[in-house]
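Notes for the one structure printed next.
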Amino acid sequence: MARINIRELPEHVHKAISDSAERNNRSTEGEVRSILQSYVASIEDKPARIETLRQSWQKGVGQRLDQLFACVRRDQVFGYGDRQSLVGIARTIGEETPAHLLDCMEGIASPSFDMLDRVVAWSSGSYEWLVSGMGTVFPVENLGTHYQDFFLYDRHNKKITFHLLRICGGRSDGMILCIRHDSDKQTYASGYMYTNFMLKSGMGSGGHGNLNRFIRFLKTNCGDRFFKSYSYEETEVNTDQGTHHPLYYIRAANEDRWLFTLFDGKDPANWLEGYSSSWKEIGDLQFGTGEPELVRA
Numbered sequence: 001m002a003r004i005n006i007r008e009l010p011e012h013v014h015k016a017i018s019d020s021a022e023r024n025n026r027s028t029e030g031e032v033r034s035i036l037q038s039y040v041a042s043i044e045d046k047p048a049r050i051e052t053l054r055q056s057w058q059k060g061v062g063q064r065l066d067q068l069f070a071c072v073r074r075d076q077v078f079g080y081g082d083r084q085s086l087v088g089i090a091r092t093i094g095e096e097t098p099a100h101l102l103d104c105m106e107g108i109a110s111p112s113f114d115m116l117d118r119v120v121a122w123s124s125g126s127y128e129w130l131v132s133g134m135g136t137v138f139p140v141e142n143l144g145t146h147y148q149d150f151f152l153y154d155r156h157n158k159k160i161t162f163h164l165l166r167i168c169g170g171r172s173d174g175m176i177l178c179i180r181h182d183s184d185k186q187t188y189a190s191g192y193m194y195t196n197f198m199l200k201s202g203m204g205s206g207g208h209g210n211l212n213r214f215i216r217f218l219k220t221n222c223g224d225r226f227f228k229s230y231s232y233e234e235t236e237v238n239t240d241q242g243t244h245h246p247l248y249y250i251r252a253a254n255e256d257r258w259l260f261t262l263f264d265g266k267d268p269a270n271w272l273e274g275y276s277s278s279w280k281e282i283g284d285l286q287f288g289t290g291e292p293e294l295v296r297a
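Residue 236 in the UniProt record's numbering sits at position 236 of the sequence shown; the count goes up by one each step and never skips.
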């Protein structure tokens, strides 16, 4: 190993080492050895710092808050302007100052339950995903055959609109994405129906029966509710439900009267082939609320 002569070092370095040796009561050689040992110790790998459960949770929530806000911006839910900035978001959700929200996003502060509730109400994001990372960014319920509660929610609220989107193409071809929008509260809820029937030809007798019962339910129990139907061309074949804000899908869809064609008992596009006779009764049904009529004495 090549030797280094201390006197060959730049004058200011030599002087600093000599002064340090004098202060520490060491020889110049001993001081150099101490400095080198300290340097080597500083660059050696140190065991990773063990995070507490609280630190780990705060860090995870902060990362998910950042991801949620990025999704809201990407889907242009609130358009352009100050409401997209972190300061604007903090003000919109009712924070007294942006500082606490920023600290939460950096994982150095803990969001309160109240703050999380306000973030979810503003963004329509998933509370479960936000606090635990489980599920999807935006909640989407698998309605299956238990769709009644979704469509009878807040039964007498006249400010609720149901948007039914038929997915065209991709791995979910024929699926219905159901979006419930409360225009007073500016809240959205989403669910999908795919396993019990598909809106395309070849669904079989079981699928036709399930579709028939679903349309019958909407017509006779939700006749006073506001519905819109659409076709949504799926371009992101591998996109899972819950990846986008509900408003993203509504904006990207084209209005299509397939739902009202089914209400009339007619076939929108050869979906009912071989079963059209069983749909005549659907067309003859009156729109109703599912509630008994009051009989005046």
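Note that CB positions come from ideal geometry on N, CA and C, so glycine has one too. In this text the structure is predicted, and so the values were computed from the model without any measurement.
| Check | Outcome |
| --- | --- |
| Anticipated Cβ contact below 8 Å, V131 with V72, distance rounded | Contact flag wrong, Cβ pair sits at about 18 Å. |
| Same chain, Cβ closer than 6 Å to G191, five either side skipped, listed in chain order | E141, L143, F150 and C178 |
| L218 and R166 closer than 8 Å at C-beta | no |
| Three-state class that DSSP yields for H100 in the structure shown | helix |
| Cβ-Cβ distance between W279 and G265 below 8 Å | yes |
| Supposed close pair I93, R118 - CB separation, criterion 8 Å | 4 Å |
| Inter-stretch contact (C-beta, 8 Å, three-pair minimum) for the segment 198-216 and the segment 44-52 | no |
| Spatially closest choice to E255 from Q241, E233, E273 and T145, by CA coordinates | E233 |
| contact_flag[the segment 171-187, the segment 153-162] where n(CB pairs < 8 Å) is 3 or more | yes |
| CB contact flag (N221, G283, <8 Å) | no |
| Three-state class that DSSP yields for D264 in the structure shown | coil |
| Exposure label - F113; buried when at least 16 CB within 10 Å | exposed |
| N212 - DSSP class collapsed to helix/strand/coil | helix |
| Identity of the residue in Y230, H156 and L262 nearest D224 by Cα | H156 |
| S56 (DSSP reduced to helix, strand or coil) | helix |
| C-alpha distance - Y147 paired with S110, whole-angstrom precision | 37 Å |
| Length of the line joining the Cα atoms of G202 and C168 | 15 Å |
| Beta-carbon contacts of residue 320 that lie in its chain and below 7 Å, excluding the five residues immediately before and after | The requested residue 320 does not occur in the structure, where the chain is confined to residues 1 to 297. |
| Contacts around residue 299, its chain only, beta-carbon distance under 8 Å, and the 5 residues preceding and following it disregarded | With the chain covering 1 to 297 only, the question about residue 299 has no answer from this structure. |
| Assigned secondary structure, Y194 (DSSP; H/G/I helix, E/B strand, else coil) | coil |
| Reduced DSSP category for D117 - H, G, I as helix; E, B as strand; rest coil | helix |
| Distance between beta carbons of H244 and D75, contact taken as under 8 Å | 5 Å |
| Distance between E273 and F78 (C-alpha atoms, nearest Å) | 43 Å |
| Rounded Cβ spacing between S205 and L164 (contact assumed at less than 8 Å) | No, S205 and L164 are not in contact; Cβ-Cβ is about 23 Å, not under 8 Å. |
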